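**Q** Here it is, the structure in full.
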Amino acid sequence: MSLTTDGRAPGPVRFYLICDRGGCQERICFDLVISEPPPNQDEDLFGNLLHEAAAATPYLTERGWGITRGGEGYWCPGCRR
Numbered sequence: 001m002s003l004t005t006d007g008r009a010p011g012p013v014r015f016y017l018i019c020d021r022g023g024c025q026e027r028i029c030f031d032l033v034i035s036e037p038p039p040n041q042d043e044d045l046f047g048n049l050l051h052e053a054a055a056a057t058p059y060l061t062e063r064g065w066g067i068t069r070g071g072e073g074y075w076c077p078g079c080r081r
């Protein structure tokens, strides 16, 4: 998957996303302020690692981006059609 972040919650986090469909070069960059801290790493490793991505999911969905069913990654609105 090509979703990367700069920053850590709680606070501002910058997201960079490139469409994962082969040959597509669609990109999006946006900032979100995430007020909730991630779960404790010792208690919930995956929740800790995916905290920022989970917070960005509603924002991406509103803009037409989505995770493909086959698990290839995020596809842009044009490739999802």
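In our numbering, the protein residues as written are 1 to 81.
Even for Gly, the Cβ is constructed at its ideal location relative to N, Cα and C.
Note that the structure is predicted; figures quoted are calculated from it, not measured.
Alpha carbon to alpha carbon, what distance is there between R63 and G73?
**A** For the purposes of this step, residue 73 is taken as residue 73 along the sequence shown, with counting starting at 1. For the purposes of this step, residue 63 is taken as residue 63 along the sequence shown, with counting starting at 1. Taking the straight line from one Cα to the other gives about 16 Å.
**Q** Tell me which same chain residues have a C-beta within less than 6 Å of the C-beta of I18, skipping the five on either side of it?
**A** Reading the sequence shown from its first residue, position 18 is the one you call residue 18. Counting only Cβ-Cβ distances below 6 Å, and skipping sequence neighbours, we find S2 and R27.
**Q** Can you tell me which of the three DSSP states G23 falls into?
**A** For the purposes of this step, residue 23 is taken as residue 23 along the sequence shown, with counting starting at 1. G23: coil per DSSP, three-state reduction.
**Q** Considering G47, what are the terminal residues of the alpha helix (DSSP H) in which it resides?
**A** For this step, residue 47 is matched to residue 47 along the sequence shown. Residues L45 to E62.
**Q** Would you mind stating whether A55 and L32 have Cβ atoms separated by less than 8 Å?
**A** By 1-based counting over the sequence shown, the position of residue 55 is 55. By 1-based counting over the sequence shown, the position of residue 32 is 32. Between A55 and L32, the C-beta gap is smaller than 8 Å, which places the two residues in contact.
**Q** Let me check you understand the geometry: is the CB of I34 closer than 7 Å to at least one non-hydrogen atom of the ligand SAH?
**A** Of the ligands one can find in the structure shown there are none, so the ligand SAH has no counterpart to examine.
**Q** DSSP has T5 in a bridge; who is on the other side?
**A** Position 5 of the sequence shown holds residue 5. Partner(s): F15.
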